[in-house]
Amino acid sequence: MIYLDYAATSGAKPEAVYTASDDALRNASGNPGRSGHKISLKAGAIVAETRLLCSRLFHAENPESIVFCSNATDALNLAIQGSVTKGDHIITSTMEHNSVARPLEHLMDEGVEVTKIRAELETGVDPAAVAAAIKDNTKLAVFTHISNVTGTVNDIEAIGAICREKGVPFLVDASQSAGAVKIDVQKMNIDMLAYPGHKCLYGPQGTGCLYIKPGLELKPLKQGGTGSRSELLHQPEDRPDKYESGTLNVPGIAGLGAGIRFIMETGIEKIHEKDMALTARLIDGLSALDGVKIYSPLHSQRGPVVSITIDGYEPQDISIYLDQVFDIATRSGLHCAPDAHGTIGTLDAGGTVRISPGYFTTEEEIDACLEAIGIISRGEL
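Terminal number for the sequence shown in my numbering: 707, no gaps in between.
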């Protein structure tokens, strides 16, 4: 199969990821931080090493600012719901994934005010609009870095500078950017960074993290065993234990660490360069096909995510043809982001077909996808 659904989850992983997860299951199956025997200590060492790797990749102040979560959705919920109370105000955009939009909708029902700034397909959110939306009771600004529908890139550094100047905590959804582009949380004035392990970081599913800037306090969403300060009946205040209740996913975290090491050894610039070359090749080829409409930036910075429609076809039918006839994996529909489809005008039409290559995609696979879409668009099936 030609796998072009990296925006959902990375297909091929570096071989070291498989090896690391397997080794953790076989040889480090103890509970990290809970016992003093060798297997438990090895599990704890895996967790500590991956936490350090995460902090280095994103230039965090210290490893303790990295909290392990089950996925980016888990991280976003902690960041969003742990930041505000009734009467507070949050700023976001019309291009967000439901992992942001749904917690915000829930909070609106609880009396939190939300302002959604319109994002443009080519350029994303205007930082000036963010500045204009800030009010006295604004307690959080949350924006995606790269849209999971269109690949539109927000100017995170500019938005971060505005939020820092105004004293508004800034949360970034890095689900499509962590591991694909350079992120420096200190330089970009990011207070919280939520990201999955299973996408551009090439780790296993069921892994994710939340970076929390030192000094920023969130209300924990759960309480329980931490392996530390067991004499306390209240949740300990020490980080990261304050936000990590229960047994961690050590095999997943081991694989995540291996994925991050692969990125560091390969070079994130090299990965980004290949992603952009593949995306440009894809967009150039699609632009030459009659009846194909592209919903991704054509003249601006973009991520490796391209959405299309084909005249006369439902998006779901196109993905089925690509899968069943040509053995090409894509994703159709709303991609868990109805606000984004409302922004680009594809909500009522059932969404788009999303094509998302990754570092292990080849030029030949992109060409095969273009050939298949050409056959479909010309009605030659």
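Think of the CB as a built atom: it goes at the ideal place given N, C-alpha and C, for glycine as much as any other residue.
Among the options, nearest to residue i - alpha-carbon criterion
| i | options | result |
| --- | --- | --- |
| A524 | I692, G684, A698 | The sequence as given places His at residue 524; Ala does not occur at that position. Nearest option by C-alpha distance: G684. |
| P530 | T592, G583, D693, S503 | G583 |
| D499 | T573, D400, P630, L608 | D400 |
| I416 | E375, E431, K465 | K465 |
| R428 | T672, E691, P664, F496 | P664 |
| G413 | H667, A603, V440 | V440 |
| I634 | Y647, G493, D643, K619 | K619 |
| I702 | T672, D637, T656 | D637 |
| Y332 | C662, A459, P630 | P630 |
| E341 | E483, G541, R587, R360 | R587 |
| A484 | I460, H385, V511, P453 | P453 |
| L612 | G578, R680, Q561, N397 | R680 |
| A455 | D481, G541, E436 | D481 |
| G370 | S347, P540, E563, L574 | L574 |
| M327 | L707, A694, G705 | A694 |
| T478 | Q549, H667, V494 | H667 |
| K368 | I443, V576, Q627 | V576 |
| A334 | T669, Q549, S501, I443 | S501 |
| S355 | G550, G578, A457 | G578 |
| Q627 | D643, A603, Y647 | A603 |
| V494 | D435, S409, V511 | S409 |
| D312 | L447, Q407, A457 | Because the chain in this structure spans residues 327 to 707, residue 312 falls outside the shown range and cannot be described. |
| T678 | N357, T688, D643 | D643 |
| S682 | H560, T672, S658 | S658 |
Distance CB(residue i)-CB(residue j) smaller than 9 Å
| i | j | result |
| --- | --- | --- |
| I538 | L544 | yes |
| P623 | T449 | yes |
| G676 | E640 | yes |
| M421 | S473 | yes |
| L497 | V468 | yes |
| Y621 | T533 | no |
| A506 | C395 | no |
| C662 | H423 | yes |
| S347 | C526 | no |
| A338 | F686 | yes |
| L404 | L536 | yes |
| A580 | A350 | yes |
| T669 | R444 | yes |
| L402 | V438 | no |
| I609 | V632 | yes |
| D510 | F384 | yes |
One or two residues paired with residue i in a DSSP bridge
| i | result |
| --- | --- |
| C395 | G534 |
| E439 | H415 |
| K619 | T635 |
| F496 | A467 |
| G585 | DSSP, once it has assigned bridges, lists no residue as partnering G585. |
| A504 | V507 |
| P340 | DSSP lists no partner for P340. |
| D331 | S682 |
| L519 | V498, Y537 |
| I654 | I328 |
| T478 | R628 |
| I472 | V479 |
| G659 | T678 |
| E446 | G450 |
Local Cβ density within 10 Å of residue i, reported as buried at 16 or more and exposed below that
| i | result |
| --- | --- |
| D462 | exposed |
| G362 | exposed |
| V451 | buried |
| Y708 | The shown model of the chain, from 327 to 707, leaves out residue 708, and the question about it has no answer. |
| I317 | Outside the modelled stretch of the chain, which goes from 327 to 707, sits residue 317, for which no answer is possible. |
| S295 | Limits of the chain in this structure are 327 at one end and 707 at the other, which puts residue 295 out of reach. |
| T605 | buried |
| N741 | Shown here, the chain extends from 327 to 707; a query on residue 741 therefore has no answer. |
| T411 | exposed |
| P566 | buried |
| S366 | buried |
| R382 | exposed |
| L430 | buried |
| T656 | buried |
| H625 | exposed |
| K508 | exposed |
| K600 | buried |
| Y329 | buried |
| G705 | exposed |
| Y344 | exposed |
| G572 | exposed |
| P540 | exposed |
| L447 | buried |
Near the ligand MN: residue i beta-carbon under 8 Å from a heavy atom
| i | result |
| --- | --- |
| C535 | Annotation note on the ligand MN: not contained in the displayed structure, which lists no ligands. |
Chain B contact for residue i (CB, 9 Å cutoff)
| i | result |
| --- | --- |
| C526 | Given the protein chain composition of this structure (a single chain), no chain B is represented. |
Touch check for the stretch 480-493 and the stretch 512-531: three-plus C-beta pairs under 8 Å? yes
Do the stretch 591-599 and the stretch 385-400 make contact, defined as three or more Cβ pairs closer than 8 Å? no
Is the stretch 683-702 in contact with the stretch 650-663, if contact means three or more CB pairs nearer than 8 Å? yes
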